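Report on the structure given below.
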Amino acid sequence: MLDAKGVQSRAAFFQAIRSFFIDRCFLEVDTPIRQPLVIPEQNISHIPSAAQFLQSSPELYMKRLLAGCGRDIFQICRCFRHGECGRLHLEEFVMLEWYRVDADYFDLMSDCEDLLIFLQGAFSGEGLPVSLQQPWERLTVAEAFTRYSSVSVSDALQEDIFDELLVEKVEPHLGIECPTFLYDYPLALASLARQKTTEEGVAERFELYISGVELGNGFSELTDKKTQRQRFVEEYSRMEGECSGQKRLPEKFLAALDSLDRAAGIAMGLDRLLMLFWGENELKNVVTFSCEELDL
Amino acid sequence: MFAASDLRKGLKIQIDGAPYIITKFEFSKPGKGQSLYRCKMRNMITGNQFSQTYRSNEKFEKPDLSERKMQYLYNQGDEYHFMDTENYEQTFITTEQLGDNIKFLQDNMELNVLFFDDKPIDVTLPIFVNLLVTIAEPWAKGDTSGNDTKPVTVESGYELQVPPFVVEGDKIQIDTRTGEYVTRVKE
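Below you can see the structure in the form of structure tokens.
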């Protein structure tokens, strides 16, 4: 359990993030934590709750709101992912998601820079292992694989070793001197992101890294209903586990895409961000109650 | 069988017929990617280390390991002989397998011997052992070097640093985890 000073600092951190977005005219929204359908995405194991599931992300509800409200929105909420436990993973964690209309993934990168620099000003940020002085590094996935893994992205995908190379060879080099934006992901790894018009097979998706720690995943939203439907069907075919029987598509979400034109959204793990600001290297040192302290 | 999600530091698994202990473990999962279980392991027989990343669908056999309480009898060259204190069965372990543990062996000492598929592969020493000091230089009076310890050798041949008041013939307690002096023992 955090001590009184820790609880206070954690609260101040979240409040500062809220004020950052409210000052920029983002609307704070809330969405159901329990969902009858899971986001069709392989590699995420959901925690059942009665006949529903605890959310792994508020993404689909947020995008329906974005379409419905037609203005920038944000939310700080709890997300749940079964079986993800470790130094940098918690089964229950705090997520910050923000979505913008008439924006793309480069706008989100600028938001990230503004947010972190704002937080550094609000708090000392002296625990941060890197300097936030701009410019931050921007590296495409293709460049990163060539530079650090000596295997090209296409070979890595073909040989089915993309994740292993990313984690073992690439990530340790990201966000070392300054934060790194790793961007332009293979389309196959970005089920809800828009395809880059100038490059086939590449999606407008990025991840922000500091000290090898992945902080946030953002992308230009895929707003084409037909393509999104097709991608969901493909994801279903690759899904395993308790949700693999789910065949019903999130039709209301798909219908909402008709009202969305250019949009972009990002999810950022706030426990991880706080961990970096406090100069800690394990999530359990920054959450109010760690996994080992859950018992009442 | 163990699943990948069972992997953690300290777990013992069997790979290619050999027992391994996981010495370092990290769960990783890149955004939108799959769960990866990154392990650093030590072969419990050869001591060789290697790193491997596993996916969630991997399964691992549980090595057949058992511990028996035994007494150290004597050594003959590279063979260190032990006797089971319950059924008096004898077995030996090689110098190489014993590694640093040799420094703390004492005749008739009771300890736990680890067996893999009925073959002894390692010993677990008591945390503290009392050993006789066999060589100790007298403390040079007026030593101004500022050192507050001096080297001595104990009956097993192991050399360590102790406070100046320890003399030949003393029994001293040693922490086998660190190899360091704990206290002088009166018997």
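These protein sequences, in sequence, are chains E and R.
Letter 232 of the first sequence, counting from 1, is numbered 221 in our numbering, and no numbers are missing.
Letter 103 of the second sequence, counting from 1, is numbered 904 in our numbering, and no numbers are missing.
Backbone N, C-alpha and C define an ideal beta-carbon position, used for all residues, glycine too.
Keep in mind it's a predicted model, so treat the numbers as computed, not measured.
Whether residue i touches residue j by CB criterion (8 Å)
i: residue 76 of chain E; j: residue 271 of chain E; result: yes
i: residue 214 of chain E; j: residue 246 of chain E; result: yes
i: residue 926 of chain R; j: residue 892 of chain R; result: no
i: residue 815 of chain R; j: residue 862 of chain R; result: yes
i: residue 921 of chain R; j: residue 903 of chain R; result: no
i: residue 253 of chain E; j: residue 1 of chain E; result: no
i: residue 116 of chain E; j: residue 266 of chain E; result: yes
i: residue 127 of chain E; j: residue 172 of chain E; result: yes
i: residue 930 of chain R; j: residue 969 of chain R; result: no
i: residue 159 of chain E; j: residue 133 of chain E; result: yes
i: residue 806 of chain R; j: residue 72 of chain E; result: yes
i: residue 986 of chain R; j: residue 973 of chain R; result: yes
i: residue 249 of chain E; j: residue 55 of chain E; result: yes
i: residue 907 of chain R; j: residue 957 of chain R; result: yes
i: residue 200 of chain E; j: residue 165 of chain E; result: yes
CA-to-CA distance, residue j to residue i, given in whole angstroms
i: residue 251 of chain E; j: residue 62 of chain E; result: 14 Å
i: residue 99 of chain E; j: residue 170 of chain E; result: 11 Å
i: residue 105 of chain E; j: residue 167 of chain E; result: 12 Å
i: residue 130 of chain E; j: residue 174 of chain E; result: 6 Å
i: residue 832 of chain R; j: residue 196 of chain E; result: 8 Å
i: residue 41 of chain E; j: residue 912 of chain R; result: 54 Å
i: residue 125 of chain E; j: residue 268 of chain E; result: 20 Å
i: residue 46 of chain E; j: residue 139 of chain E; result: 34 Å
i: residue 874 of chain R; j: residue 900 of chain R; result: 17 Å
i: residue 255 of chain E; j: residue 17 of chain E; result: 15 Å
i: residue 274 of chain E; j: residue 282 of chain E; result: 11 Å
i: residue -9 of chain E; j: residue 278 of chain E; result: 7 Å
i: residue 917 of chain R; j: residue 820 of chain R; result: 7 Å
i: residue 236 of chain E; j: residue 35 of chain E; result: 15 Å
i: residue 37 of chain E; j: residue 43 of chain E; result: 6 Å
i: residue 928 of chain R; j: residue 939 of chain R; result: 29 Å
i: residue 915 of chain R; j: residue 867 of chain R; result: 6 Å
i: residue 240 of chain E; j: residue 102 of chain E; result: 35 Å
i: residue 87 of chain E; j: residue 118 of chain E; result: 25 Å
i: residue 12 of chain E; j: residue 193 of chain E; result: 27 Å
i: residue 120 of chain E; j: residue 859 of chain R; result: 40 Å
i: residue 161 of chain E; j: residue 151 of chain E; result: 15 Å
i: residue 94 of chain E; j: residue 21 of chain E; result: 26 Å
Candidates the options, of which the one nearest residue i by Cα
i: residue 187 of chain E; options: E:197, E:181, E:196 and E:176; result: E:176
i: residue 78 of chain E; options: E:253, E:192 and E:260; result: E:260
i: residue 210 of chain E; options: E:-5, E:199 and E:183; result: E:183
i: residue 924 of chain R; options: R:849, R:852 and R:896; result: R:896
i: residue 153 of chain E; options: R:805, R:821, R:834 and R:803; result: R:834
i: residue 69 of chain E; options: E:138, E:180, E:84 and E:223; result: E:84
i: residue 803 of chain R; options: R:845, R:847 and R:856; result: R:856
i: residue -7 of chain E; options: E:22, E:283, E:276 and E:284; result: E:276
i: residue 113 of chain E; options: E:279, E:30 and E:263; result: E:263
i: residue 838 of chain R; options: R:846, R:827, R:982 and R:918; result: R:827
i: residue 951 of chain R; options: R:981, R:876 and R:919; result: R:981
i: residue 932 of chain R; options: R:984, R:940 and R:851; result: R:984
i: residue 885 of chain R; options: R:864, R:919 and R:840; result: R:919
i: residue 221 of chain E; options: E:30, E:206 and E:11; result: E:30
i: residue 52 of chain E; options: E:280, E:3, E:11 and E:28; result: E:28
i: residue 846 of chain R; options: R:963, R:836 and R:817; result: R:817
i: residue 7 of chain E; options: E:26, E:58 and E:111; result: E:111
Chain E contact for residue i (CB, 8 Å cutoff)
i: residue 964 of chain R; result: no
i: residue 870 of chain R; result: no
i: residue 921 of chain R; result: no
i: residue 828 of chain R; result: yes
i: residue 957 of chain R; result: no
i: residue 853 of chain R; result: no
i: residue 835 of chain R; result: yes
i: residue 867 of chain R; result: no
Interface flag, residue i vs chain B, CB-CB below 8 Å
i: residue 831 of chain R; result: Judged by its chain identifiers, the structure shown contains no chain B, and its protein chains are E and R.
Any chain R beta carbon closer than 8 Å to residue i
i: residue 270 of chain E; result: no
i: residue 274 of chain E; result: no
i: residue 203 of chain E; result: yes
i: residue 281 of chain E; result: no
i: residue 196 of chain E; result: yes
Below 9 Å between beta carbons is the criterion; list the residues of the segment 68 to 80 of chain E that meet it against any residue of chain R, in chain order.
-> 70, 72, 73, 74, 75, 76, 77 and 78
Please name the residues in the segment 170 to 194 of chain E whose beta-carbon is closer than 9 Å to at least one beta-carbon of chain R, in chain order.
-> Contact residues of the segment 170 to 194 of chain E toward chain R are 174, 178, 179, 180 and 194 (C-beta to C-beta distance below 9 Å).
Which residues, in order along the segment 137 to 158 of chain E, keep a beta-carbon less than 9 Å from a beta-carbon of chain R?
-> 151, 152, 153, 155, 156 and 157
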